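Asker: Take the sequence shown: its letter number 577 is residue 577 in full-length UniProt numbering, and every next letter is one higher. C-beta: ideal position from N, C-alpha, C; glycine also. In this text the structure is predicted, and so the values were computed from the model without any measurement.
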Amino acid sequence: MSLKGYDLHFLKKDIPAGIIVALVSIPISIGYALVAGLPPIYGLYGSLLPILVYGLITSSPRFVFGVDAAPAALVGGMLYSMGIAYQSQDAVRIIPVITLFTAAWILIARLVGLGRLVKFISSPVMGGFITGICCTIILMQIPKLYGGDSGRGELHELLIHIYKTVSAGVQIPSLVLGLGTIIIILGSKKFIPAVPMSAVMMFAGAGLNYAMDLGQYGVKMLPEVKAGLPPLAIPDISLVHGNVRTMMLQTLIIAIVIIAETLLATNNFALKYDDKIDNNREILAYAMSNLAGGLVGCCPVNGSVSRSNIADQFGVKSQVMSISAAATMMIILIFGTGFIHMLPVPVLTAIVISALISSTEFDLAAKLRKVDRTEWKIFYVVMFTVLIFGTIYGVLIGIILSFVTVIIRASNPPRSRLGYIPEKDQFYPVDRTTGTREIKGVLIYRFGGALFFANANTIKDEIDDLVTGDMKAVIIDASGITSIDVTAVERLMILYTKYKERGIKLFLTEHSGNLNDQLRAFGAEQMFKDYAIVPHIYQALKSVGINKPYELCDCEGDVCYISINGSAGSSQIAEFEWAYGDQAEARMEEVANSLADKLISLERVDEDMIREAERNALGSNWSEIDEEKFLDFLEFQLAHLLELGKIDLEKFQRVREKILLYHAKLDMQINDRNSEELDEIIRTRIVREEQFRSRFPDAYNAFAEERARHREILKTDYPEIWERIMKIRREGEDKDKLRDKVRDKIHDKHLFPGLDEIEHIVDGVKDYFHRKK
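Here's what the structure looks like:
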């Protein structure tokens, strides 16, 4: 902890934050101490000296350390496997030894740099592991909600135990207390998140017991604990005799979990405030904190995300918070332990379960399901491994899957075929970017990531599949290749020689100079002699006689034809599509709906406000094509709000007028850059109008009036553009032409599940044209 430049005004935030952290730690630390197999008081011991030591050493100004779920569950599992009774004297004697061994492993990791390997344990693996542990502990604790004893073991054992305890009888007052506490705590996170409800419910439970003597209703209470500071004692290492191998292996796993979970959480937390974290110093802090924990007899300690979030809510600025928390806990241990035996077990259990529910990472799993199904599966594999086979196997499977994931990703890196957009004079992936076309007779292939033995055949096989007989050159865009090994160079040279014999020149380009050193060292000298390694793609094209303007391929389905310099299609890349891919339109519609709600709440709207709102919402990956589409969504959403009665007609007309003027000027800007682009926009606009009418036919009438007003503005201010727009729209009366245009533009399978519906759409558009005429 560094107090250099510390502002004394921060004390009014750090000290209260520390007090709150200490109060919240009372029920949570007691609960986790019980999970680990220790008497309740040892949870409080773990919230005194270890948190103080961590606060003095750590480089993080605001993260909280203490007794936490994962190490407690791992220790409890060790006791269970060793046949040691929970809360027995044997447990009290052996757990400090476990903590000491854990501290030693963490210190070794710091000294030999093993902490660097932890970065290979991915967030899905760690999230699945933590979620599995939380679910396991919840299942252990459930019987205590209705008067039973906690369970032990894996999933099937816990479910059997729950069944037996329910069959033996449910203690209704206990169940009401427990469920009520859970509902209040979880509900408060949504409605009053700034209130430390765990501490509030702890005192409320003690107060209720004091007032009503809940024991007379069969509700269990915590045992009395002796007041005073924890005695310091060196753990008796001789207790591991006969269990050395088990102790070494399982404490190593606990150490890995502490380092991985806390480092990941600390660094993620630091990003919020741009805090500078020294990972080596952090690992040292973990080791020293656990050493302190061993001296006071508690189980291994860990970083706590939940308590760090609580401190953050109170505006913590530095580790003065940890000093304040330790001082508060010291006062509680000396003067306040008397109230602990007043705590109803169901209330304490409910507080622990609520903390565990908040610690699960199912939100991460939901996110992974949308973006990466492989990592989503890994998350649940690790979670269910922990539940079914235990925490030890969960850690091992998690570590194995982490390294397997790294290998799989490295062996299957991102890659794409590149095409050219003349007006941008740049190359873009053809499968992601509208208006991109490949150059005739050339394959441009981008490969990202390290090129090594595991993926060398991938690049070879894919290029072989893509090369056709009429090609002059294969150009590998190596801008994403960070390194190459000898096996990959051998495969590259085989590919190079094969194509050279077929009269096809293979180039490597756009890479860094460091890659050239590796290529020469591993035997690719011939490519340098043949000038097959060049700095830029355009130089490779020029060397095989392909110069600007490039002859480009246009494709419809599987049929391609040739045009010169992009005379067909959209001439400007839709940059928002490039940034968001197939999610672009849904994202754009979502933002348009939000912006419409905001605009109707404002007293005054002008063009600058619309433009600024667009930029704030959608960022810099934005072109006129994107903006035109976005304004369509915005105009329609306003019409929909009018239909719903959320905006009065006068305000609707006032806001609409500003948007229409802005939209008309945008049409003029696009026309100035490229007249063909406006043609493309109008054709797309026709399809979008029909989509709007299909989804919200009533709101469409107001939108159609708005679109007619748009054209009136154009007719008055920009007659040439108006004439072109009307000419394109009149083409829509030709049914066959319009069918082809609509067929090319419809992508929304939910709205238009089959081309058999095109006939209906075309007839509707024709009716629209006739009404407007």
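1) Please classify residue 776 as buried or exposed, where buried requires at least 16 other C-beta atoms within 10 Å of its C-beta.
2) Count the CB pairs spanning the segment 45-53 and the segment 288-305 that are closer than 8 Å, and state whether there are at least three.
3) Look at the alpha carbon of Ile-421 and the alpha carbon of Lys-629, and state the distance between them as a whole number of angstroms.
4) How is Pro-346 classed by DSSP in three states: helix, strand or coil?
5) Check this for me: beta carbons of Val-352 and Pro-196, under 8 Å apart or not?
6) Going by CA-CA distance only, name the one from Asp-464, Asp-485, Ser-483 that's closest to Ile-475.
7) Express the C-alpha separation of Asn-412 and Asn-457 in angstroms, rounding to a whole number.
8) Ile-475 bridges to which residues according to DSSP?
9) If you reduce the DSSP assignment to three classes, tell me which class Ser-563 lands in.
10) In or out: residue 793 buried (at least 16 other Cβ within 10 Å) or exposed?
11) Looking at the strands, I want to know which residues DSSP matches up with Gln-87.
12) Can you give, in chain order, each stretch of the beta strand (DSSP E) that sits fully within the segment 349-374 and has at least 3 residues?
13) Tell me the rounded alpha-carbon separation between Pro-96 and Arg-446.
14) When you compare each of Met-202, Pro-697, Val-170, Lys-164 to Ile-182 by their alpha carbons, which one comes out closest?
15) Would you say Pro-230 and Leu-48 are within 8 Å of each other, going by their C-beta atoms?
16) Using three-state DSSP, classify Cys-553 as helix, strand or coil.
17) Note down the Cα distance separating Glu-510 from Asp-477, rounded to an integer number of angstroms.
18) Identify whether residue 818 lies in helix, strand or coil by the three-state DSSP scheme.
19) Residues in its own chain within less than 7 Å of Leu-356 by CB, not counting five upstream and five downstream?
20) Is Gln-526 helix, strand or coil by DSSP?
21) Check each candidate in Ile-254, Leu-295, Thr-684 and name the one with the smallest Cα separation from Thr-434.
22) For Phe-335, write down the residues that DSSP places opposite it in a beta bridge.
23) So which of Gly-441, Thr-337, Gly-315 has the shortest CA-CA distance to Asp-14?
24) Helix, strand or coil: how does DSSP classify Gly-513 here?
25) With distances taken Cα to Cα, identify the nearest neighbour of Ile-130 among Phe-10, Asp-278, Gly-398, Gly-66.
26) What does the alpha-carbon distance come out to for the pair Arg-739 and Phe-692?
27) Taking C-alpha atoms, which residue in Ala-450, Val-404, His-156 lies nearest to Pro-124?
28) How far does the alpha helix (DSSP H) with Leu-466 in it reach, from first residue to last?
29) Quick one: using the 10 Å Cβ neighbour count with 16 as the cut-off for buried, is His-161 buried or exposed?
30) What residues are listed by DSSP as bridge partners for Met-221?
31) Unbroken alpha helix (DSSP H) runs of length 4 or more, entirely within the segment 161-229: which are they?
32) When burial is assigned at 16 or more other CB atoms within 10 Å of the CB, is Met-247 buried or exposed?
33) For Ser-416, write down the residues that DSSP places opposite it in a beta bridge.
34) By DSSP's criteria, Gln-426 is part of a beta bridge. Which residues make up the other side?
35) Quick check: is the beta carbon of Ser-25 nearer than 8 Å to any beta carbon in chain C?
36) Could you tell me the boundaries of the alpha helix (DSSP H) in which Ala-540 lies?
Answerer: If we stick to the structure as given:
1) Residue numbering for the chain in the displayed model covers 1 to 773; residue 776 lies beyond these limits and cannot be assessed.
2) yes
3) Taking the first residue of the sequence shown as 1, we reach residue 421 at position 421. Taking the first residue of the sequence shown as 1, we reach residue 629 at position 629. Straight-line Cα distance between these residues: approximately 20 Å.
4) Within the sequence shown, residue 346 is the residue found at index 346, counting from 1. Helix.
5) As a first step, residue 352 is located in the sequence shown; it is residue number 352 there, counting from the start. As a first step, residue 196 is located in the sequence shown; it is residue number 196 there, counting from the start. In this structure, Pro-196 does not lie closer than 8 Å to Val-352 by Cβ.
6) One-based indexing of the sequence shown puts residue 475 at position 475. Here the closest residue by C-alpha is Asp-464.
7) As a working note, residue 457 is residue 457 in the sequence shown. As a working note, residue 412 is residue 412 in the sequence shown. One C-alpha to the other measures close to 11 Å.
8) Looking up residue 475 in the sequence shown gives position 475. Looking at the DSSP assignment, Ile-475 forms a beta bridge with Ile-444, Phe-507.
9) The count along the sequence shown starts at 1 and reaches residue 563 at position 563. Here Ser-563 scores only 35 on pLDDT, less than 50, and its place in the model is too uncertain to base an answer on.
10) Residue numbering for the chain in the displayed model covers 1 to 773; residue 793 lies beyond these limits and cannot be assessed.
11) Translated into positions along the sequence shown, residue 87 becomes position 87. Paired residue(s): none; Gln-87 is not in a bridge.
12) none
13) Translated into the one-based positions of the sequence shown, residue 96 becomes position 96. Translated into the one-based positions of the sequence shown, residue 446 becomes position 446. About 56 Å.
14) The residue labelled residue 182 in the question sits at position 182 within the sequence shown. Among Met-202, Pro-697, Val-170, Lys-164, the Cα nearest to that of Ile-182 is on Met-202.
15) Against the sequence shown, residue 230 aligns to sequence position 230. Against the sequence shown, residue 48 aligns to sequence position 48. In contact: Pro-230 and Leu-48 (Cβ atoms closer than 8 Å).
16) As a working mapping, residue 553 is identified with position 553 in the sequence shown. Reduced to three states, the DSSP call for Cys-553 is strand.
17) Position 510 of the sequence shown, counted from the first residue, corresponds to residue 510. Position 477 of the sequence shown, counted from the first residue, corresponds to residue 477. Their backbone Cα atoms lie some 6 Å apart in a straight line.
18) Past the edges of the chain, shown from 1 to 773, lies residue 818, and the structure says nothing about it.
19) Here the question's residue 356 lines up with position 356 in the sequence shown. Result list for Leu-356: Ala-69, Cys-134, Ile-137, Ile-138, in chain order.
20) Counting from 1 along the sequence shown, the entry for residue 526 is found at position 526. Three-state result, Gln-526: helix.
21) Position 434 of the sequence shown, counting from 1, holds the residue named residue 434. Ranking the options by Cα distance to Thr-434, first place goes to Thr-684.
22) Position 335 of the sequence shown, counted from the start, is the residue given in the question as residue 335. Answer is none; Phe-335 lacks a bridge partner.
23) As a position in the sequence shown, residue 14 is number 14, starting the count at 1. When only C-alpha atoms are compared, the closest one is Gly-315.
24) Position 513 of the sequence shown, counted from the start, is the residue given in the question as residue 513. Three-state result, Gly-513: helix.
25) Within the sequence shown, residue 130 is the residue found at index 130, counting from 1. Ranking Phe-10, Asp-278, Gly-398, Gly-66 by Cα distance to Ile-130 puts Gly-398 first.
26) Here residue 739 corresponds to residue number 739 of the sequence shown, with the count starting at 1. Here residue 692 corresponds to residue number 692 of the sequence shown, with the count starting at 1. With a pLDDT of 48 at Arg-739, under the threshold of 50, the modelled position of this residue cannot be trusted; read the value that follows with caution. When rounded, the distance between both Cα atoms is 18 Å.
27) Position 124 of the sequence shown holds residue 124. Nearest option by C-alpha distance: Val-404.
28) On the sequence shown, position 466 is the one that residue 466 refers to. Taken as a continuous stretch (DSSP letters only), the alpha helix (DSSP H) holding Leu-466 covers 456-466.
29) Residue 161 sits at position 161 when you count from the first residue of the sequence shown. Buried, since its Cβ has 16 or more Cβ neighbours within 10 Å.
30) Against the sequence shown, residue 221 aligns to sequence position 221. According to DSSP, Met-221 bridges with Pro-344.
31) 172-191, 197-212
32) As a working note, residue 247 is residue 247 in the sequence shown. Buried, since its Cβ has 16 or more Cβ neighbours within 10 Å.
33) The residue labelled residue 416 in the question sits at position 416 within the sequence shown. For Ser-416, which the question treats as bridged, DSSP gives the partners Arg-446.
34) Position 426 of the sequence shown, counted from the start, is the residue given in the question as residue 426. Answer is Ile-421.
35) Protein chain content of the structure displayed is limited to a single chain, and chain C is not contained in it.
36) Residue 540 sits at position 540 when you count from the first residue of the sequence shown. Unbroken alpha helix (DSSP H) run through Ala-540: 537-543.
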